[in-house]
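Chains as they are written, first to last, in our numbering: chain A, 31 to 315; chain B, 11 to 322. Backbone N, C-alpha and C define an ideal beta-carbon position, used for all residues, glycine too. First up is the structure itself, then whatever we jot down about it.
See below:
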């Protein structure tokens, strides 16, 4: 820390030490993934020996019916989870931000934020025991599968969506909502016509976050799933446990490609809308 | 704050006020009930089952409350907890988990803080790019990122090949299946969770305070330790909790990267549950883990609440 550059009044120079650490950190984050991508094109089964360029692992990947079935299951669960969690997370964030003090606010907030840090094994175990007890007492859910995974995923994704949407809700200019109310809009109308459009980017971000969280979850899904509902992480895990497999490298590469593309498009469109907003502000301000 | 929902209350139409009130209750009630049912109630069931006895049945545990011949009996089995206290392996697993999580959190902070610091000082346009770069890896599969390290740390993996090629070692180093690999895995997987809250905190830092310290004759490193570091305490605590608490219960990382010495409690719980089918013992393990994590979780929650109060 001693290498911090001097701060001349008002100007803040990038201190050498932290910049170097940032670069080191980014290399640390990206190098393993880069290696993964490179070796997915390796002709050899041995991941450490380079035996020439080949795309045969991609072909093998698409011919693996078990894996493809799991991809489909996971995508469906993730879609349902994200769509539900966006609604529940937004309502929760709205309640916390706009309802002021109400009885049980602390408890509500604690229950909402605890899943952010709760170890997966505890969440998975407790939800499984709930489902078992419920089917014992009520006869529902009759069997565990996609439905129970969906419930479990919604429960923890809601917390993440609430954080993303909540931070945006706190930033929005509330006078527009108040103006709408003064002009006779009901709270419900105000919410759908004013609040929702202003927080739309956060809703999109929250949806994507819930989608990836659901797609990524291994531990909770392993606890609450039943026969016939094997998700992608479960298949990947069972094959990775046995060692390195180039097929998994190929799948990882495709996943990294899709995510980077989506992230880049998101970042680019956000930057463009930001620039447009600034331009229009400059014109009228 | 002005309360939006009750603003219409003094209006002459009492029906509207009543409707607003009920609307408010409904909006509040649905997520509340969901969380109660799927978050709080499950924990109570875990408590209950941790006092049951394992049986070969479906579900594989005895019932606690029995009503037979007009007699209500509670069968509380303390055996699971006594068994855990008796067997050194479990105590060792708890201690190992805490140690591994603590050390990994420390390294995460040492790497994450300067990263967040550099990000917060970058120009506006570069900030959003850097933020995306730090977050991007956590959007790809967690499992895949841990798997990537298996290929690097193996005995005949890339790291050993590189070191041998450089002539630094003649024999491959055993890194995979040791605690070092677990540290690397935790730091790698959780780094964004450390950087994000600290970065968010540092961007809100009032820069005039730094100027004041500077004008009053503080050296740059004094300013850093006495002003910046003190003011970013909230971010540091949030980041450390976001890494430490899930890391204690981590299952995938010790399973894939760790060895016999890195027996963490999440892995033990998993084995008791899936391999031995001893649900009551797994529940007892979870309860004790929760007790250990109670304090850090409460701490994290308080920090979140504080953040919320500031914004209100």
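Which one of A:83, A:86, A:113, A:125 has the shortest CA to CA distance from residue 35 of chain B?
As a first step, residue 35 of chain B is located in the second chain; it is residue number 25 there, counting from the start. Nearest option by C-alpha distance: A:125.
Can a CB atom of chain B be found closer than 8 Å to the CB of residue 98 of chain A?
Sequence index remark: in the first chain, residue 98 of chain A carries index 68 (1-based). Answer no: the Cβ-Cβ gap between residue 98 of chain A and chain B never drops below 8 Å.
If the cut-off is 7 Å on Cβ atoms, which residues from the region 244 to 259 of chain B count as contacting chain A, listed in chain order?
251, 252, 255, 256, 258, 259
Tell me, please, whether the region 220 to 229 of chain A touches the region 256 to 268 of chain A by the rule of three or more beta-carbon pairs shorter than 8 Å.
no
When you compare only the Cα positions, how much space is there between residue 151 of chain A and residue 249 of chain A?
As a first step, residue 151 of chain A must be located in the first chain, where it is residue number 121. As a first step, residue 249 of chain A must be located in the first chain, where it is residue number 219. Their backbone Cα atoms lie some 6 Å apart in a straight line.
Do you know offhand how far residue 298 of chain B's Cα is from residue 307 of chain B's?
Here residue 298 of chain B refers to the residue found at position 288 of the second chain. Here residue 307 of chain B refers to the residue found at position 297 of the second chain. Going from the Cα of residue 298 of chain B to the Cα of residue 307 of chain B covers about 14 Å.
Quick one: give me the first and last residue of the beta strand (DSSP E) that residue 76 of chain B is part of.
In the second chain, residue 76 of chain B corresponds to position 66, counting from 1. Unbroken beta strand (DSSP E) run through residue 76 of chain B: 75 to 78.
Closer than 8 Å at the beta carbon, the chain B residues around residue 49 of chain A:
As a first step, residue 49 of chain A must be located in the first chain, where it is residue number 19. The answer, in chain order, is 128.
How would you call residue 243 of chain B, buried or exposed, if buried means at least 16 neighbouring beta carbons within 10 angstroms?
Here residue 243 of chain B is taken as the residue at index 233 of the second chain, counted from 1. Its Cβ having fewer than 16 others within 10 Å, residue 243 of chain B is exposed.
Taking the alpha-carbon of residue 262 of chain B as reference, which of B:30, B:55, B:191 has the nearest alpha-carbon?
If you number the second chain from 1, residue 262 of chain B lands on position 252. It is B:191.
Does the beta-carbon distance from residue 160 of chain A to residue 290 of chain B come in below 8 Å?
Locating residue 160 of chain A in the first chain gives position 130, counting from the first residue. Locating residue 290 of chain B in the second chain gives position 280, counting from the first residue. No. Outside cutoff.
For residue 117 of chain B and residue 155 of chain B, what's the separation of their Cα atoms in angstroms?
Reading the second chain from its first residue, position 107 is the one you call residue 117 of chain B. Reading the second chain from its first residue, position 145 is the one you call residue 155 of chain B. For residue 117 of chain B and residue 155 of chain B, the distance between alpha carbons rounds to 18 Å.
Neighbourhood of residue 296 of chain A by C-beta, 6 Å cutoff - its chain only, sequence neighbours within 5 removed
In the first chain, counting from the first residue as 1, residue 296 of chain A sits at position 266. Result list for residue 296 of chain A: empty, nothing under 6 Å.
Among B:102, B:280, B:145, B:101, nearest to residue 207 of chain B - alpha-carbon criterion
In the second chain, counting from the first residue as 1, residue 207 of chain B sits at position 197. When only C-alpha atoms are compared, the closest one is B:145.
Exposed unless 16 or more other CB atoms sit within 10 angstroms - verdict on residue 191 of chain A
The count along the first chain starts at 1 and reaches residue 191 of chain A at position 161. Counting Cβ neighbours within 10 Å, residue 191 of chain A comes out buried, since at least 16 surround it.
So which residues on chain B does residue 6 of chain A lean against when the C-beta distance must stay under 8 Å?
Since the first residue shown for chain A is 31 and the last is 315, residue 6 of chain A is missing from the structure and cannot be characterised.
Taking C-beta pairs closer than 7 Å, name the residues in chain B that residue 267 of chain A reaches, listed in chain order.
Counting from 1 along the first chain, the entry for residue 267 of chain A is found at position 237. Within 7 Å Cβ-Cβ: 153.
What are the boundary residues of the beta strand (DSSP E) that includes residue 81 of chain B?
Here residue 81 of chain B corresponds to residue number 71 of the second chain, with the count starting at 1. Note, residue 81 of chain B: beta strand (DSSP E), 81 to 84.
Going by C-alpha to C-alpha distance, which of B:285, B:258, B:224, B:220 sits closest to residue 241 of chain B?
Taking the first residue of the second chain as position 1, residue 241 of chain B is located at position 231. Cα-wise, what sits closest to residue 241 of chain B is B:220.
Residue-level contact to chain A via CB, residue 61 of chain B, 8 Å cutoff
Here residue 61 of chain B refers to the residue found at position 51 of the second chain. By this cut-off, residue 61 of chain B is not an interface position.
Which class does residue 261 of chain B belong to by DSSP, given the choice of helix, strand or coil?
Stepping through the second chain from its first residue, residue 261 of chain B is reached at position 251. It is coil, neither helix nor strand.
Just the Cα atoms here: how many angstroms apart are residue 49 of chain B and residue 253 of chain A?
Sequence index remark: in the second chain, residue 49 of chain B carries index 39 (1-based). Sequence index remark: in the first chain, residue 253 of chain A carries index 223 (1-based). Cα-Cα distance, rounded: 15 Å.
Using the beta-carbon count (16 or more within 10 Å), is residue 202 of chain B buried or exposed?
By 1-based counting over the second chain, the position of residue 202 of chain B is 192. Residue 202 of chain B should be labelled buried.
Please list the partners that residue 286 of chain A has in chain B, where partner means a Cβ-to-Cβ separation under 7 Å.
Residue 286 of chain A sits at position 256 when you count from the first residue of the first chain. Simply 150.
Apply the 10 Å Cβ neighbour rule to residue 227 of chain A and answer buried if 16 or more other Cβ atoms are within range, or exposed otherwise.
Locating residue 227 of chain A in the first chain gives position 197, counting from the first residue. By the neighbour-count rule (16 or more Cβ atoms within 10 Å), residue 227 of chain A is not buried but exposed.
By how many angstroms is the C-alpha of residue 81 of chain A removed from the C-alpha of residue 74 of chain A?
In the first chain, residue 74 of chain A corresponds to position 44, counting from 1. In the first chain, residue 81 of chain A corresponds to position 51, counting from 1. Spanning the two alpha carbons is a distance of roughly 5 Å.
For residue 21 of chain B, I'd like the list of residues in its chain whose CB is within less than 7 Å of its CB, leaving aside the five on either flank, ordered along the chain.
For the purposes of this step, residue 21 of chain B is identified with residue 11 of the second chain, where counting begins at 1. Note that residue 21 of chain B has pLDDT 49, beneath the 50 cutoff, so the model's placement of it is unreliable and no number is given.
Going by beta-carbon coordinates alone, are residue 52 of chain A and residue 124 of chain B separated by less than 8 Å?
Taking the first residue of the first chain as 1, we reach residue 52 of chain A at position 22. Taking the first residue of the second chain as 1, we reach residue 124 of chain B at position 114. Cβ atoms of residue 52 of chain A and residue 124 of chain B: closer than 8 Å.
Can you name the residues of chain A whose CB is closer than 7 Å to the CB of residue 300 of chain B?
As a working note, residue 300 of chain B is residue 290 in the second chain. Within chain A, the residues near residue 300 of chain B are 152.
My parser needs the alpha helix (DSSP H) runs of 4 or more residues fully inside the region 101 to 155 of chain B; what are they?
134 to 149
What are the residues that DSSP puts in a beta bridge with residue 71 of chain B?
As a first step, residue 71 of chain B is located in the second chain; it is residue number 61 there, counting from the start. Its beta-bridge partners are B:64.
For the region 48 to 127 of chain A, which segments carrying the alpha helix (DSSP H) assignment without a break, of at least 4 residues, lie completely within its bounds, in sequence order?
86 to 93
Going by Cα to Cα distance, which pick from B:283, B:213, B:209, B:292 is closest to residue 90 of chain B?
In the second chain, residue 90 of chain B corresponds to position 80, counting from 1. Ranking B:283, B:213, B:209, B:292 by Cα distance to residue 90 of chain B puts B:292 first.
Are the beta-carbon atoms belonging to residue 104 of chain A and residue 245 of chain A less than 8 Å from one another?
Your numbering for residue 104 of chain A matches position 74 in the first chain. Your numbering for residue 245 of chain A matches position 215 in the first chain. Against a cut-off of 8 Å, the Cβ pair of residue 245 of chain A and residue 104 of chain A comes out as a contact.
Do you know whose CA, among B:287, B:302, B:311, lies nearest residue 65 of chain B's CA?
For this step, residue 65 of chain B is matched to residue 55 along the second chain. Ranking the options by Cα distance to residue 65 of chain B, first place goes to B:287.
From residue 16 of chain B to residue 30 of chain B, what does the alpha carbon distance come to, in whole angstroms?
Mapped onto the second chain, residue 16 of chain B falls at position 6. Mapped onto the second chain, residue 30 of chain B falls at position 20. Note that residue 16 of chain B scores 48 on pLDDT, short of 50, meaning its location in the model is unreliable; the coordinates nonetheless yield the value given after this. Rounded to whole angstroms, residue 16 of chain B to residue 30 of chain B spans 7 Å at the Cα level.
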